[in-house]
Each structure stands twice: as C-alpha cells, then as structure tokens.
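Q:
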Amino acid sequence: MAAFDVIGFTLQYELSYSNILYMLDLAGIPLQAAQRSEKDPLIIAGGPCTYNPEPLADFLDAVVLGEGEEVIVEIAELLRKLKQAGAPRREKLAALAGLPGVYVPSFYQVEYAAADQTLSFVRPVKPGIPERITKRIVQNYEAAPFPVCPPVPFIDIVQDRIALEIQRGCTRGCRFCQAGMVYRPVRERSPEKIKQLMDANICSTGYAEITLSSLSSADHSCIAELAADSIAQYGASGVTISLPSLRADAFSVALAEKMESSGRKSSLTFAPEAGTQRLRDVINKGVREEDLIDAVESATAAGWRSFKLYFMIGLPTETEEDLEAIGALARIVLSKARAAVSAAGAKGKNSVVTVTVSASTFVPKANTPFQWRPQDPIATIRQKQDLLRRVVRGRGIDFQWHDPETSFLEAVFARGDRRLGAVLEKAWRSGCKFDGWNEYFDFDLWQRAFAECGIDPTFYANRQRDYQEVLPWNHLSAGVDRSYLISEDQKAGQAALTEDCRTGECLGCGVCQTLDTQPSISKAVDTP
Amino acid sequence: MTTLNTANAVGAGDAATVTATATANTFHILRLRLQKKEHGRFISHLDLMRAFERTVRRLQLPVALTEGFHPHYRISFGPALPLGASSSAEYCDLILTARPEQSALLEKIGRHLPPGLSLIDGSYIDNGQSLSDFIMRASYRVRLAIGDFATAEELIALGKRILESEQFPIETETRKGLRTIDLRSGIDQAQWAVSGEELICDLFLAAGSANNLKPQDALIPFIRKGAAPNELHRAGLYGKSGQNWADPFGNVLLKWPEVKIEGE
Ligand code: SF4
Chain A
8 MAAFDVIGFT
18 LQYELSYSNI
28 LYMLDLAGIP
38 LQAAQRSEKD
48 PLIIAGGPCT
58 YNPEPLADFL
68 DAVVLGEGEE
78 VIVEIAELLR
88 KLKQAGAPRR
98 EKLAALAGLP
108 GVYVPSFYQV
118 EYAAADQTLS
128 FVRPVKPGIP
138 ERITKRIVQN
148 YEAAPFPVCP
158 PVPFIDIVQD
168 RIALEIQRGC
178 TRGCRFCQAG
188 MVYRPVRERS
198 PEKIKQLMDA
208 NICSTGYAEI
218 TLSSLSSADH
228 SCIAELAADS
238 IAQYGASGVT
248 ISLPSLRADA
258 FSVALAEKME
268 SSGRKSSLTF
278 APEAGTQRLR
288 DVINKGVREE
298 DLIDAVESAT
308 AAGWRSFKLY
318 FMIGLPTETE
328 EDLEAIGALA
338 RIVLSKARAA
348 VSAAGAKGKN
358 SVVTVTVSAS
368 TFVPKANTPF
378 QWRPQDPIAT
388 IRQKQDLLRR
398 VVRGRGIDFQ
408 WHDPETSFLE
418 AVFARGDRRL
428 GAVLEKAWRS
438 GCKFDGWNEY
448 FDFDLWQRAF
458 AECGIDPTFY
468 ANRQRDYQEV
478 LPWNHLSAGV
488 DRSYLISEDQ
498 KAGQAALTED
508 CRTGECLGCG
518 VCQTLDTQPS
528 ISKAVDTP
Chain B
-11 MTTLNTANAV
-1 GAGDAATVTA
9 TATANTFHIL
19 RLRLQKKEHG
29 RFISHLDLMR
39 AFERTVRRLQ
49 LPVALTEGFH
59 PHYRISFGPA
69 LPLGASSSAE
79 YCDLILTARP
89 EQSALLEKIG
99 RHLPPGLSLI
109 DGSYIDNGQS
119 LSDFIMRASY
129 RVRLAIGDFA
139 TAEELIALGK
149 RILESEQFPI
159 ETETRKGLRT
169 IDLRSGIDQA
179 QWAVSGEELI
189 CDLFLAAGSA
199 NNLKPQDALI
209 PFIRKGAAPN
219 ELHRAGLYGK
229 SGQNWADPFG
239 NVLLKWPEVK
249 IEGE
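Chains A and B, in that order, give the protein sequences. According to my numbering, the residues represented by the first sequence are 8 to 535, in order. According to my numbering, the residues represented by the second sequence are -11 to 252, in order.
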C-alpha cells in the first residue's frame, strides 16, 4: 500500500476512524501527515464525514468535499504532472489546495478561546488558500460516469448485487438527516439512461439482483414505469429488482409488491422516526399516521406479515409522551395488520403478524439544521430506553435498541475539532479498533484516552451551541446556506413543516445559487 | 476443443430421462464439461454454481427458469468437489428453451467463463439420463507427500490391504458428527506409484446418488500415517454405457487410469 502515490479513504462513519489509523500503520505509513516524507503516499479522504473532517485533520493530507467523478480526474492529472516534474510534497499540497472542493487541513490554523474552549477562528495560514471550501458536484449528472463493469467476486459478499444509483440527493428535508442536506440538489437519472446502465451491468456481471439505489428511490418521478419495465425485461432471466428503502405510504408498498415476486414476503421496513405527529413535524419527517396505516394495510393485503418500524430517540424537544406514542403506534400497526389479515381470511402460520420496533439514538451532524443541538446524555438515553422497554411490548411486538455509548462517541467525532486527533491516536494506540463492531468496541478505553488527553467528550456531544459559535466546520460548505439551516432549526422549534422543493417551488436553501445548478427531475409529478 | 456427437451412446435412460416434454415448451439440454484449475481450485462448489449462473446471465442464454417464488435458472451440476481440488471433470446440464447453434454457443460460453474456469467440451444431449442419475464413478489423481511416519512401501502395503479386505470401516467427521463408513465399498479400483518424495494415487471411487465416497475420506488411512495431500485432481466422472464405463458424453472409458502414472 505504501508504494502508491495516493491513497483514498471514504469517511463513511465516525466509528471507522480508528481503523484508518490502523490501516495506515499496517501499511507502514506515518500516522501524522506532518511526519510523512517525500516517499510516502498522499492520504486523501472523501465521503459523508468530510463535512466535518477536523478530528482527522492531523492524519489527512487532503480532503475532497462532495462528488468525486470529476475532481478525482483533476487530482490525478495534477499529481501526475507534478510527479513527473519532481515536485516536493509541499508543492503538491499547495496545488491540491488550489482545486475547487479540495481542502488541505495543514494550510489552516485554528485557535481556541481560553474562556470557554470553543473555537476563536479557523483561517488559512498563507495567502492564496481559500477561506472557505465548497463541495463539488458533477456538472452533468446524467452524463457522469457510472461503473458498468465492476469486479464480480466468487464468494458471497455483503451487498452481493448491482447497486445502480438512479438519483442523487433528496429534498424531503428531514432536519436530522445529513445526507438530505449535503447531497442537494436532487438530480434524477433519466429512465433511458438507467435502463442502459442496467443492461450494461447485467451483461458484464451476470448478477441476479439489482437495487435501484438512492436516498429515497420511491421519489424518482419515473419509478413506477422503471420498475415495471425492468421486471418485464429481466424477470425472464431470473433477475430481481429491489429498492433500498421504502417510504411509509401505499404507493411505495405497491411498488415493492411489483418487485417482490408473489408468494412469500420478507419483512417490510418503514421509518416514522418519531411517535407523535408533533415530533415528526419538528424533524420535518413528512409521514402521517394515516400514511403509515395505509401502507401497512396494503402491505398486509399483499401478503406481508412482518413489519419493522425505525425510530430515533433523543430528538430535539422529545418528551415522555413522544416515547409512549412509539408503543401506541406499534400497537396500532399490529392491530390494523391483524384486522387486514383476518379480513383476508388468512389462517394458521400465515395469519401471524409481527412488528419489530427499532430505536436508534439521535446523533446531531455537521451541516444539518440540528448541528447546534445537544445529544441527550448517555444516562438520559438509558432512561428513555427503559421507558420504551416498558411501553413497546406485547405479543407480536419486538423491541430492539443499541448501546448508547457508540452513539455518544459518534456524536463526539461528528462535531469534533482538531483536538480530538490526539484522543483518536491515543485510543488507537491503546487498542481501539473496529469500533463499529460491538464485539470490539471498548468504551472504557475511549474514556481513558479522553481523560489522558484532558478532553471532556460531553463538550462535543451534549452541549447546546449558539448560532454565533465558530463551528469546527465553519470553513467547509455543502452549499446549503447557514441562514437556511438556522431557519430550519427555528422552524423545528415551532414544529413547522417545510415542503419539498422537488415539486417546483424553491425554498431558498441556497445550494443551487452557490453551485450554479438546479434540481433535475425527469417528469413533473406531485409528491405524495 | 473437440465437439462430440455422442448423444445416442449416453446411458439407456428410462424413467429418469431428462427430455422434458411435460410442458408445452420443448427443452434442449446442453451438457458441458468444465475445468477448474489454478486459483479456480479455491472456488467452492456453491460458488462455482453461482459463478456459472452469472456467466450464463451475462450471455443472456435462453435457459429455462424454475417455477416458484424465486425463479432461478435450470442448471444442474454433477457431484461436489472438495475445496482446493482441481478438476477436469466439472459437468453441468443447462436446460435451454431454444437451440442456438452448438459450436458458436460453446465458443461464447468458453470465452466468458471467469478466470480459473474453462470449458473443455460440450454438446446437446437429446436422449439421456440426468447427470445425477448417470454418474456412478469418479476418477481422482492424488499426489501425497510421504510423511515421516511411514515409508512409501508401507503406504502402498496399506493400500493393498484396503483393496484385499472385505470391509474397511473408518471414522469420519460429517456434518452430523462422527460417523463410521466402509471405505472398501466405495473404492472400485486404486493404483499407486512412487515419484520422488510423493506417492501418486489413482482412485476410481463410487460417486453419485447410490453410493458416494469422497476422495478426502478415501485418503484418511494414509493421512493418519503421516501422508499429506499435495494435490487432488478429479480426472473424470463416469456412468454405465451397456457393460462399459463411459463419460457423461457417452465416450467409453477404454483404459483406467486414462493417463498412466509416470513413476516407478
Ligand atoms: S436552492 Fe431551492 S431548488 Fe435548489 S435544492 Fe435548495 S430549495 Fe431546492
């Protein structure tokens, strides 16, 4: 690995950070960017966590914000030229910093206020380095390259199928969702292009399953025709078409029904996220109870018997009432599904309905309307989980939850600053790795690392910031205006809804102006 | 590649014929002989089936689908091979709904197989038994490293003793736990020769649905004497053609082993 000129890491999840250090170390590459010599590769990161890469600033030579298709080529061309010219590392970094969307952490200086430990400023150390880095998007999504000949493994791997991206971005505007904010604007691939890519992929890989992937595939304006056409074309060679996630409404269920072959049905998952309409309005999750019931009833009629409901706990303004409502909602879903089952005359094993409630813990993320909000302390999350265990119960109802410590650590790093680099290195040196795997995660080791570095992790996870605070990622922009994020956060406080800009009206999030682009939708539809 | 036209010589099928005329469609059976070599040895039987299915889908061949909730291609394979073994006798039958011209079809399949797999032979089979009904014997060549516990002569004597005995019970680990099997009934013929530090064994073993002896089980007595398999290769699969043994294309096995051991 150390023989490469450049190594790229995808920052998918905060709990994989210790593994990045682990991999660098296994490859014999110095961990700290400042320690790397001319012969060491450049370490570049991309992916969702780059909207706040500050905890990794010590370890990364450069960070790419946004979509890679074009900038990757620019980086490769630039570095090839400089390599041929025998340019030193520093010169390469300076050249990288000149590319739009590329952030070189070592060219920025940070300072903290003695009084409250918050940031005083982040600024370039020399002229010519941009004050602010804005993410890249591909200029023409329709024409952007998409792999049509991926490697096909012999062994059975996770996600052993073609994942065909049919659209990018989602403008439903859930206020907790980082993906929904940072991948804007929404752009669809045309049905013709999708079919062409599907064809090329099947003929080059022979995979028997394709998932039409995106943040919210049922929102694609041509999804129904697309599903019908692909099934008609490929059903005869045993190919199944699937969607990664479903909206909680009857339209999505009808789609899923078309895709799953008749007969046995696996379980269906919906994500109402919160128990009451009030709290769903706070987070701008446009799911109404009627929609969910509708979806469950039509799914039961179509043969599904097992439902999974995803919720998030610790959301801003959450009360006991909201949590109790999760239990109530699970019971309503169960009873509506049972009623539909008996109406359909199903008997025996085929009449057994199960509802699984899964509650994850809210993690505030950078570049979202909730970036200023505190995460609930671990003890509070525990109490809330206890409460849920009492109210989400009964025959046919199952409750799943996660240890709050992993979500806490995720929250620390999601909004952390450069001071966390020392903690990360210490934790990794003391044995932390694979933190996303329960059997490896060792919270005690992490706590010791924080203590030894004199850092209070609750400062990052559980503290309410005010809008004036200099956030560690202030100089990194996903194109969405800060003022829009603030107004969304304020609307959350009033439980006021924000529409989806897909249907026409621009809501002024700013991304289209900043990036000089616009949403691209194949055909005008009313979003349900 | 030799294209054999031996369909009529294939075993005298009766009730078990695969000519599927039950439905309105006419099916055509294409029988293939594949080779697993080099890193192809590390593709398990299940993975081999999936890799082959993907090859077929890449080519969009007109293979019939099974009925049911999750339809899949009607492709059947011969007996499984242990992981790590090479083979020049991986047979499979494709049930096709059309009958593309044979040589062009074989050429296309051969070209699209993944690395580690190659096509040795193939032919439409118009009348005949399914692979699972036809196959009764498998031929293996094993190169055993002679360990420190027994000399080559002692290993050969052990082999002779197995062949001369009426029964040779041995304990082996199965998925259901330890089980005693009779080696003798599974070994039809065996030959040995010494070549340098290795003992080369040719085994003609019972294979298929009636009686099946896995080659790794046949080697247990030798392994217990310190021998270690360096290489395991399946050379052929056979069934009855009249009084003779024949391969799944109907070619009669004239002498066994087909390739003589080059040893002492
Ligand atoms: S700028 Fe307007 S149209 Fe563009 S993504 Fe934001 S809200 Fe939608």
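Using N, Cα and C, we set each Cβ at its ideal position, and we do this for glycine too. Computed from a predicted model, the values in this text were never measured in an experiment.
Beta strand (DSSP E) containing residue 228/B: first to last residue?
A: First-last of the beta strand (DSSP E) with residue 228/B: 216 to 229.
Q: List the DSSP bridge partners of residue 189/B.
A: Answer by DSSP bridge pairing, in chain order: 130/B and 180/B.
Q: Report whether the distance from the Cβ of residue 514/A to the nearest heavy atom of the ligand SF4 is below 7 angstroms.
A: For the ligand SF4, at least one heavy atom lies less than 7 angstroms from the Cβ of residue 514/A.
Q: Would the region 523 to 532 of chain A and the region 183 to 202 of chain A be scored as touching if the rule is three or more Cβ pairs under 8 angstroms?
A: Counting Cβ pairs under 8 angstroms, three or more are found: they touch.
Q: What are the residues of the region 154 to 168 of chain B that lie near chain A, defined by any Cβ-Cβ distance shorter than 8 angstroms?
A: So nothing in the stretch comes that close.
Q: Hey, out of 162/B, 158/B, 246/B and 142/B, whose CA is closest to residue 206/B's CA?
A: Answer by Cα proximity: 158/B.
Q: Report the three-state DSSP secondary structure of residue 401/A (helix, strand or coil).
A: Residue 401/A: coil per DSSP, three-state reduction.
Q: Determine the burial state of residue 0/B: buried for a count of at least 16 other Cβ atoms within 10 Å of its Cβ, exposed for fewer.
A: Since pLDDT at residue 0/B reaches only 34, below the 50 mark, its modelled position is unreliable, and the value read off the structure follows with that caveat. Exposed, by the Cβ-count rule.
Q: How would you label residue 453/A, buried or exposed, when you count the other beta carbons within 10 angstroms and need 16 or more for buried?
A: The residue is buried, with at least 16 neighbouring Cβ atoms inside 10 Å.
Q: Tell me, to the nearest whole angstrom, how far the beta carbon of residue 120/A is from that of residue 111/A; I am working on the premise that it is less than 8 angstroms.
A: Contact doesn't hold; Cβ gap of about 25 angstroms is too wide.
Q: By Cβ distance below 7 angstroms, which residues in the same chain neighbour residue 485/A in space, the five residues on each side in sequence not counted?
A: Hits under 7 angstroms: 58, 142, 188, 189 and 374.
Q: Beta-carbon within less than 6 angstroms of residue 59/B's beta-carbon, same chain only, minus the 5 sequence neighbours each way: which residues are those?
A: If we look at residue 59/B and ignore the five residues flanking it on each side, its Cβ neighbours are 53.
Q: For residue 264/A, which of helix, strand or coil comes out of DSSP?
A: Note: residue 264/A maps to helix in three-state DSSP.
Q: Can you name the residues of chain A whose CB is closer than 8 angstroms to the CB of residue 35/B?
A: Residues of chain A passing the Cβ test: 161, 162 and 163.
Q: Looking at chain A, which residues of the region 207 to 235 of chain B have a Cβ within less than 7 angstroms of any of its Cβ atoms?
A: Under the 7 angstroms Cβ criterion, the region 207 to 235 of chain B contributes no residue.
Q: If we ignore side chains and look at the alpha-carbon of each, how far apart do residue 38/B and residue 161/A end up?
A: Approximately 8 angstroms between the Cα atoms of the pair.
Q: Taking Cβ positions only, does residue 31/B come closer than 8 angstroms to chain A?
A: Closer than 8 angstroms to some Cβ of chain A, the Cβ of residue 31/B qualifies, so yes.
Q: Closer than 7 angstroms between beta carbons: that is the criterion. Which residues of the region 47 to 65 of chain B meet it against chain A?
A: Against chain A - using a Cβ distance shorter than 7 angstroms - the residues of the region 47 to 65 of chain B are 48, 53, 57, 58, 59, 60 and 61.
Q: Which stretch, first to last residue, makes up the beta strand (DSSP E) that contains residue 247/B?
A: Note, residue 247/B: premise wrong, no beta strand (DSSP E); not H, not E.
Q: Kindly indicate if chain B contains any beta-carbon less than 8 angstroms away from that of residue 248/A.
A: No, no contact with chain B.
Q: Can you tell me where the beta strand (DSSP E) with residue 232/B in it begins and where it stops?
A: It spans 232 to 234 - the beta strand (DSSP E) in which residue 232/B sits, taken as one unbroken run.
Q: Taking DSSP's pairing of strands, which residues face residue 14/A in a bridge?
A: In DSSP, residue 14/A forms a bridge with 50/A.
Q: Could you work out which residue in 357/A, 471/A, 15/A and 434/A is closest to residue 456/A when comparing CA atoms only?
A: Among 357/A, 471/A, 15/A and 434/A, the Cα nearest to that of residue 456/A is on 434/A.
Q: Please list, in chain order, all residues of the same chain as residue 429/A whose beta carbon is under 6 angstroms from its beta carbon, the five residues on each side excluded.
A: Closer than 6 angstroms at the Cβ level, and outside the excluded window around residue 429/A, lie 460.
Q: Answer with yes or no whether the minimum CB distance from residue 45/B to chain A is below 8 angstroms.
A: Yes, residue 45/B counts as interfacial toward chain A.
Q: I want to verify the contact list: residues of chain B whose CB lies under 7 angstroms from the CB of residue 244/A, in sequence order.
A: Simply 45 and 48.
Q: Label residue 51/A either buried or exposed according to how many other C-beta atoms from any shown protein chain fall within 10 Å of its C-beta, with 16 as the threshold for buried.
A: Buried, since its Cβ has 16 or more Cβ neighbours within 10 Å.
Q: Apart from the five residues on each side of it in sequence, which residues of its chain come closer than 7 angstroms, Cβ to Cβ, to residue 116/A?
A: Here the set comprises 130 and 132.
Q: How long is the line joining the alpha carbons of residue 240/B and residue 232/B, rounded to whole angstroms?
A: Straight-line Cα distance between these residues: approximately 7 angstroms.
Q: Does DSSP put residue 510/A in a helix, in a strand, or in coil?
A: It is helical.
Q: Is there a Cβ of chain B sitting closer than 8 angstroms to that of residue 326/A, yes or no?
A: It does not; no Cβ of chain B falls within 8 angstroms.
Q: From residue 7/A to residue 404/A, what distance separates their C-alpha atoms?
A: No answer is possible for residue 7/A: it lies beyond the span of chain A, which begins at 8 and ends at 535.
Q: Taking residue 190/B and residue 179/B to be in contact with their CB atoms under 8 angstroms, please state how far apart those CB atoms are, rounded to whole angstroms.
A: With 8 angstroms as the limit, residue 190/B and residue 179/B qualify as a contact, their Cβ atoms being about 5 angstroms apart.
Q: Give me the chain B residues within the contact set of residue 210/A, using Cβ-Cβ distance strictly less than 9 angstroms, ordered along the chain.
A: Within 9 angstroms Cβ-Cβ: 45, 46, 47 and 48.
Q: Tell me which residues share the same chain as residue 5/A and place their Cβ nearer than 6 angstroms to its Cβ, disregarding the 5 neighbours each side in the sequence.
A: Because chain A is modelled from 8 through 535, residue 5/A falls outside the range shown and cannot be assessed.
Q: So residue 111/B is in the beta strand (DSSP E); what residue range does that whole segment cover?
A: Its beta strand (DSSP E) spans residues 105 to 113.
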